[in-house]
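Accompanying notes for the structure given below.
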Amino acid sequence: MAALDRRIGCMDVVVTEAGLGRVEDSAVALLDLPYRDVGELLRATGSLEAARTAAVRSVLPLGPDGPRLLAPVARPGAVWGVGMNYRSKARVTGRPIPAEPTLYLSASSSLGGPGGQVAHPEGCTEQLDAEGEIAVVLGAGLYRADEREAWAAVAGVTAANDLTARDVMVQTGTPALAKSFPGCTPMGGSVLAAADVADPTAIGVRTFVDGVLPLRTTVVPLPCPARPAALAAH
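If you use this note's numbering, the sequence shown corresponds to residues 3 to 236, in order.
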(Lines of atoms letter the chains of each structure in order from A; the text may use other names.)
(Lines give C-alpha, C1' and ligand atoms only; values in the text may rest on other atoms or scores of the structure.)
Protein backbone atom coordinates (compact mmCIF):
# COMPACT_ATOMS: atom_id res chain seq x y z
CA MET A 3 0.00 0.00 0.00
CA ALA A 4 1.25 3.49 -0.86
CA ALA A 5 -0.07 6.73 0.60
CA LEU A 6 0.68 10.42 0.23
CA ASP A 7 1.48 12.47 3.30
CA ARG A 8 -1.64 14.58 3.90
CA ARG A 9 -1.68 18.22 4.96
CA ILE A 10 -4.37 19.92 7.01
CA GLY A 11 -6.63 22.23 5.04
CA CYS A 12 -6.11 20.55 1.68
CA MET A 13 -8.83 19.03 -0.48
CA ASP A 14 -8.63 15.28 -1.00
CA VAL A 15 -11.15 13.73 -3.41
CA VAL A 16 -12.04 10.05 -3.12
CA VAL A 17 -14.05 7.66 -5.26
CA THR A 18 -16.30 5.29 -3.34
CA GLU A 19 -18.90 2.67 -4.17
CA ALA A 20 -21.45 5.34 -3.21
CA GLY A 21 -20.00 8.05 -5.48
CA LEU A 22 -17.49 10.89 -5.36
CA GLY A 23 -16.52 12.17 -1.95
CA ARG A 24 -14.43 14.81 -0.23
CA VAL A 25 -12.33 13.93 2.82
CA GLU A 26 -13.34 16.05 5.80
CA ASP A 27 -11.48 15.28 9.03
CA SER A 28 -12.02 11.54 9.58
CA ALA A 29 -15.10 11.29 7.36
CA VAL A 30 -16.10 11.10 3.71
CA ALA A 31 -18.55 13.76 2.59
CA LEU A 32 -20.41 12.23 -0.36
CA LEU A 33 -20.96 14.92 -2.96
CA ASP A 34 -24.03 15.85 -4.95
CA LEU A 35 -22.23 15.38 -8.27
CA PRO A 36 -23.21 13.11 -11.20
CA TYR A 37 -19.72 11.75 -11.84
CA ARG A 38 -18.71 8.19 -11.02
CA ASP A 39 -15.00 8.83 -10.69
CA VAL A 40 -12.35 11.53 -10.92
CA GLY A 41 -11.87 10.77 -14.60
CA GLU A 42 -15.49 11.65 -15.41
CA LEU A 43 -15.24 14.84 -13.33
CA LEU A 44 -12.09 15.90 -15.20
CA ARG A 45 -13.53 15.11 -18.61
CA ALA A 46 -16.53 17.29 -17.79
CA THR A 47 -14.84 20.21 -16.03
CA GLY A 48 -11.06 19.93 -16.50
CA SER A 49 -10.29 20.28 -12.78
CA LEU A 50 -11.23 19.08 -9.29
CA GLU A 51 -12.59 22.44 -8.15
CA ALA A 52 -16.23 21.37 -8.51
CA ALA A 53 -15.60 18.90 -5.70
CA ARG A 54 -14.40 21.70 -3.42
CA THR A 55 -17.71 23.54 -3.47
CA ALA A 56 -20.22 20.76 -4.21
CA ALA A 57 -23.13 20.22 -1.85
CA VAL A 58 -22.88 17.28 0.54
CA ARG A 59 -25.65 14.68 0.38
CA SER A 60 -24.42 12.48 3.24
CA VAL A 61 -21.43 11.89 5.50
CA LEU A 62 -19.90 8.47 6.13
CA PRO A 63 -16.91 7.37 8.22
CA LEU A 64 -13.52 7.12 6.58
CA GLY A 65 -11.96 3.73 7.19
CA PRO A 66 -13.03 0.10 7.63
CA ASP A 67 -16.54 1.09 8.71
CA GLY A 68 -17.03 3.43 5.77
CA PRO A 69 -17.56 2.94 2.04
CA ARG A 70 -14.98 1.00 0.06
CA LEU A 71 -12.58 3.27 -1.79
CA LEU A 72 -12.04 2.65 -5.50
CA ALA A 73 -9.34 3.69 -7.95
CA PRO A 74 -9.68 7.45 -8.53
CA VAL A 75 -9.65 7.00 -12.31
CA ALA A 76 -11.23 3.80 -13.58
CA ARG A 77 -9.85 3.74 -17.12
CA PRO A 78 -7.48 6.57 -18.04
CA GLY A 79 -6.50 7.14 -21.63
CA ALA A 80 -2.91 6.20 -20.82
CA VAL A 81 -0.77 5.20 -17.84
CA TRP A 82 2.74 6.54 -18.33
CA GLY A 83 5.63 5.74 -16.02
CA VAL A 84 8.99 7.42 -15.59
CA GLY A 85 11.92 5.18 -14.74
CA MET A 86 14.65 6.18 -12.25
CA ASN A 87 12.78 9.35 -11.35
CA TYR A 88 13.76 9.67 -7.66
CA ARG A 89 17.17 10.50 -6.29
CA SER A 90 16.59 8.08 -3.40
CA LYS A 91 16.13 5.18 -5.81
CA ALA A 92 19.20 6.18 -7.77
CA ARG A 93 21.25 6.08 -4.57
CA VAL A 94 19.96 2.62 -3.64
CA THR A 95 20.60 1.12 -7.06
CA GLY A 96 23.86 2.93 -7.65
CA ARG A 97 22.67 4.02 -11.07
CA PRO A 98 22.88 7.61 -12.30
CA ILE A 99 19.76 9.62 -13.00
CA PRO A 100 19.46 9.83 -16.79
CA ALA A 101 19.71 13.23 -18.42
CA GLU A 102 16.49 12.45 -20.30
CA PRO A 103 13.59 10.59 -18.63
CA THR A 104 13.05 6.91 -19.38
CA LEU A 105 9.37 6.56 -20.28
CA TYR A 106 7.14 3.50 -20.50
CA LEU A 107 3.46 2.59 -20.74
CA SER A 108 1.42 0.24 -18.57
CA ALA A 109 -1.95 -1.20 -19.50
CA SER A 110 -4.88 0.72 -17.99
CA SER A 111 -6.29 -2.67 -16.95
CA SER A 112 -3.46 -2.87 -14.41
CA LEU A 113 -5.11 -0.16 -12.28
CA GLY A 114 -6.70 -1.14 -8.99
CA GLY A 115 -8.12 0.53 -5.92
CA PRO A 116 -6.41 1.14 -2.58
CA GLY A 117 -6.36 -1.34 0.27
CA GLY A 118 -7.28 -4.38 -1.80
CA GLN A 119 -5.48 -7.62 -2.53
CA VAL A 120 -3.51 -8.17 -5.71
CA ALA A 121 -3.62 -11.68 -7.15
CA HIS A 122 -0.11 -13.00 -7.65
CA PRO A 123 0.38 -13.82 -11.35
CA GLU A 124 1.03 -17.52 -10.76
CA GLY A 125 3.23 -19.16 -13.35
CA CYS A 126 4.35 -15.79 -14.71
CA THR A 127 6.66 -14.42 -12.02
CA GLU A 128 8.50 -15.45 -8.89
CA GLN A 129 9.61 -11.94 -7.97
CA LEU A 130 6.86 -9.36 -7.61
CA ASP A 131 8.31 -6.13 -6.22
CA ALA A 132 6.39 -3.22 -4.72
CA GLU A 133 7.42 0.41 -4.94
CA GLY A 134 5.51 3.48 -3.85
CA GLU A 135 5.15 6.17 -6.48
CA ILE A 136 3.55 9.55 -6.99
CA ALA A 137 0.86 9.50 -9.67
CA VAL A 138 0.16 12.78 -11.47
CA VAL A 139 -3.43 13.08 -12.67
CA LEU A 140 -3.89 15.30 -15.71
CA GLY A 141 -7.08 17.26 -16.17
CA ALA A 142 -6.69 17.79 -19.90
CA GLY A 143 -5.08 16.13 -22.88
CA LEU A 144 -1.72 17.48 -23.96
CA TYR A 145 0.30 17.36 -27.16
CA ARG A 146 3.55 19.20 -27.88
CA ALA A 147 3.09 21.22 -24.70
CA ASP A 148 5.83 23.16 -22.95
CA GLU A 149 6.67 22.92 -19.24
CA ARG A 150 4.30 25.72 -18.21
CA GLU A 151 1.37 24.21 -20.12
CA ALA A 152 2.10 20.74 -18.77
CA TRP A 153 2.09 21.77 -15.12
CA ALA A 154 -1.02 23.89 -15.66
CA ALA A 155 -2.83 20.75 -16.85
CA VAL A 156 -2.07 18.79 -13.66
CA ALA A 157 -5.36 18.39 -11.77
CA GLY A 158 -3.98 16.55 -8.76
CA VAL A 159 -1.62 13.96 -7.36
CA THR A 160 -2.20 10.63 -5.69
CA ALA A 161 -0.23 7.62 -4.51
CA ALA A 162 0.32 4.50 -6.56
CA ASN A 163 1.99 1.17 -5.92
CA ASP A 164 4.13 0.20 -8.89
CA LEU A 165 4.17 -3.60 -8.74
CA THR A 166 6.76 -5.06 -11.08
CA ALA A 167 7.48 -8.65 -12.03
CA ARG A 168 11.20 -8.15 -11.71
CA ASP A 169 12.15 -11.45 -13.31
CA VAL A 170 9.91 -10.70 -16.30
CA MET A 171 11.59 -7.31 -16.61
CA VAL A 172 15.04 -8.92 -16.63
CA GLN A 173 14.03 -11.64 -19.09
CA THR A 174 12.21 -9.42 -21.58
CA GLY A 175 13.46 -5.89 -20.96
CA THR A 176 9.87 -4.75 -21.51
CA PRO A 177 8.30 -2.70 -18.68
CA ALA A 178 4.81 -2.99 -20.20
CA LEU A 179 4.92 -6.78 -19.76
CA ALA A 180 6.39 -6.65 -16.26
CA LYS A 181 3.95 -4.02 -14.92
CA SER A 182 0.63 -4.74 -16.66
CA PHE A 183 -0.74 -7.74 -14.77
CA PRO A 184 -4.32 -7.15 -13.53
CA GLY A 185 -4.43 -4.97 -10.43
CA CYS A 186 -0.66 -4.41 -10.34
CA THR A 187 -1.02 -0.63 -10.21
CA PRO A 188 -3.12 0.08 -7.10
CA MET A 189 -3.87 3.79 -6.89
CA GLY A 190 -5.37 6.18 -4.36
CA GLY A 191 -7.24 6.36 -2.12
CA SER A 192 -7.48 10.15 -2.41
CA VAL A 193 -6.43 12.65 -5.06
CA LEU A 194 -4.90 15.81 -3.64
CA ALA A 195 -5.92 18.85 -5.67
CA ALA A 196 -3.00 20.43 -7.53
CA ALA A 197 -3.90 23.82 -6.08
CA ASP A 198 -3.13 22.42 -2.62
CA VAL A 199 0.31 21.03 -3.49
CA ALA A 200 2.69 23.48 -1.84
CA ASP A 201 5.84 22.16 -3.52
CA PRO A 202 5.48 19.69 -6.41
CA THR A 203 9.17 18.78 -6.13
CA ALA A 204 8.86 17.56 -2.51
CA ILE A 205 5.86 15.29 -2.01
CA GLY A 206 5.86 12.69 0.77
CA VAL A 207 4.88 9.12 -0.11
CA ARG A 208 4.94 6.10 2.22
CA THR A 209 4.88 2.45 1.20
CA PHE A 210 3.54 -0.27 3.50
CA VAL A 211 4.06 -4.02 3.28
CA ASP A 212 1.09 -6.19 4.32
CA GLY A 213 -0.62 -3.06 5.59
CA VAL A 214 1.61 -2.82 8.64
CA LEU A 215 5.29 -2.04 8.21
CA PRO A 216 6.44 1.00 6.28
CA LEU A 217 8.72 -0.14 3.50
CA ARG A 218 10.04 3.32 2.84
CA THR A 219 9.22 6.89 3.72
CA THR A 220 10.29 9.30 1.04
CA VAL A 221 9.95 13.03 0.69
CA VAL A 222 10.37 12.85 -3.03
CA PRO A 223 12.74 15.36 -4.61
CA LEU A 224 12.01 14.92 -8.30
CA PRO A 225 15.32 15.36 -10.11
CA CYS A 226 13.60 17.17 -12.95
CA PRO A 227 10.42 19.23 -12.35
CA ALA A 228 9.71 19.10 -16.09
CA ARG A 229 8.85 15.37 -16.17
CA PRO A 230 5.19 15.97 -17.17
CA ALA A 231 6.42 18.31 -19.87
CA ALA A 232 8.70 15.59 -21.23
CA LEU A 233 5.64 13.42 -21.75
CA ALA A 234 3.49 16.21 -23.12
CA ALA A 235 6.10 17.21 -25.68
CA HIS A 236 5.51 14.00 -27.66
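Think of the CB as a built atom: it goes at the ideal place given N, C-alpha and C, for glycine as much as any other residue.
Everything numeric in this text was worked out from a predicted model, so none of it was measured.
Boundaries around ARG150 are those of the alpha helix (DSSP H), 149 to 154, since no beta strand (DSSP E) includes it. Beta-bridge analysis with DSSP links SER60 to LEU32.
Non-local C-beta neighbours of MET171 in its own chain, meaning closer than 7 Å and more than five positions away in sequence, comprise PRO177, ALA180, ordered along the chain.
Rounded to whole angstroms, GLY190 and GLN173 show a C-alpha spacing of 30 Å. DSSP, read as helix, strand or coil, puts PRO177 in helix. Taking every protein chain shown into account, the CB of LEU107 has fewer than 16 other CB atoms within 10 angstroms, so this residue is exposed. Per DSSP, the unbroken beta strand (DSSP E) holding ARG24 starts and ends at 21 to 26.
Under the criterion of beta carbons closer than 8 Å, SER112 and PRO184 qualify as touching, at roughly 7 Å.
DSSP places GLU102 in the coil class of the three-state scheme, outside both helix and strand.
Of the other Cβ atoms in all chains shown, 16 or more fall within 10 Å of the Cβ of CYS186; this residue is therefore buried.
Beta-bridge annotation (DSSP): ALA161 is paired with ILE136. For THR18, the pairing in a beta bridge is given by DSSP as GLY21, LEU71. Contact annotation: ARG54 and ARG24 have beta-carbon atoms nearer than 9 Å.
Residue pairing by DSSP places VAL172 opposite no residue, since no beta bridge is assigned to it. Taking 9 Å as the cut-off, the beta carbon of LEU33 is found no closer than this to the beta carbon of GLY41.
Residue environment: ALA147 is assigned as buried (16 or more neighbouring CB atoms within 10 Å of its CB, all protein chains considered). By the neighbour-count criterion, in which 16 or more other beta carbons inside 10 Å mark a residue as buried, THR127 falls on the buried side.
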